[in-house]
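Numbering (the working numbering), first residue to last: 782 to 962.
Since the structure comes first, as structure tokens, the remarks are kept for the end.
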């Protein structure tokens, strides 16, 4: 009987772990959309903005599956190498977008470099570096205490296991309604 209970507990633990892993994967895959430049969009900075594109990016946490939304007029977005970013070189982009609204998916960890494709705009500050976190850097959400972990003030969580590995809610030995002696 004890081996059946152990097998049942093992199954429950494996099943719970699989469900948790699937839920976390769904969150990572779904991603979040960031609007570059917020309301003003992807434009040459005027100097009156509260922060540069890179200051904005440094305050955000980008994950695999997130997207960047660029909104612009009479401009373009170039994905470039770090060297082309530093030199504001538009001659050999990895990717070029010119449609006025570009959604770029962050599909790997590491750095992505973006510059404007218009002459002189990059040197005026229209450029962006985004660092996408590696999955190992992403903190898992805190889990609730497991059943039987003694979460109550008297060390009683309210949960107990039966002989088949099922968790059942058991009222505390003393309560406001019924006092045991």
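For glycine and all other residues, C-beta sits at the position ideal for the given N, C-alpha and C.
Any heavy atom of the ligand ATP closer than 7 Å to the Cβ of residue i?
| i | result |
| --- | --- |
| residue 903 | Of ligands this structure carries none, so the ligand ATP is not represented either. |
Between which two residues does the beta strand (DSSP E) carrying residue i extend?
| i | result |
| --- | --- |
| residue 853 | No beta strand (DSSP E) contains residue 853, which DSSP labels as neither H nor E. |
| residue 912 | 908-913 |
| residue 897 | 891-897 |
| residue 871 | Run containing residue 871: none; DSSP gives neither H nor E here. |
| residue 882 | 882-886 |
| residue 815 | 814-816 |
Going by DSSP, what residue range makes up the alpha helix (DSSP H) through residue i?
| i | result |
| --- | --- |
| residue 867 | 863-868 |
| residue 837 | 834-839 |
Distance check for residue j and residue i, CA to CA, integer angstroms please.
| i | j | result |
| --- | --- | --- |
| residue 845 | residue 913 | 6 Å |
| residue 848 | residue 894 | 14 Å |
| residue 886 | residue 790 | 41 Å |
| residue 880 | residue 862 | 21 Å |
| residue 824 | residue 899 | 10 Å |
| residue 902 | residue 813 | 27 Å |
| residue 819 | residue 857 | 16 Å |
| residue 905 | residue 826 | 7 Å |
| residue 864 | residue 836 | 20 Å |
| residue 855 | residue 882 | 11 Å |
| residue 870 | residue 892 | 17 Å |
| residue 830 | residue 815 | 17 Å |
| residue 822 | residue 828 | 15 Å |
| residue 896 | residue 860 | 7 Å |
| residue 868 | residue 832 | 22 Å |
Excluding sequence positions up to five away, which residues of its chain have a Cβ less than 6 Å from the Cβ of residue i?
| i | result |
| --- | --- |
| residue 884 | 848, 850 |
| residue 817 | 823, 849, 851 |
| residue 890 | 913, 915 |
| residue 840 | none |
Report back the beta-carbon spacing between residue i and residue j to the nearest angstrom; my notes put them in contact at under 8 Å.
| i | j | result |
| --- | --- | --- |
| residue 834 | residue 908 | 7 Å |
| residue 910 | residue 866 | 7 Å |
In or out: residue i buried (at least 16 other Cβ within 10 Å) or exposed?
| i | result |
| --- | --- |
| residue 876 | exposed |
| residue 872 | exposed |
| residue 874 | buried |
| residue 785 | exposed |
| residue 775 | This structure does not reach residue 775, given that the chain is present from 782 up to 962, and the question cannot be answered. |
| residue 838 | buried |
| residue 933 | Since pLDDT at residue 933 reaches only 48, below the 50 mark, its modelled position is unreliable, and no value is offered. |
To which residues of the same chain is residue i closer than 7 Å at the C-beta, ignoring the five residues directly before and after it?
| i | result |
| --- | --- |
| residue 842 | 914 |
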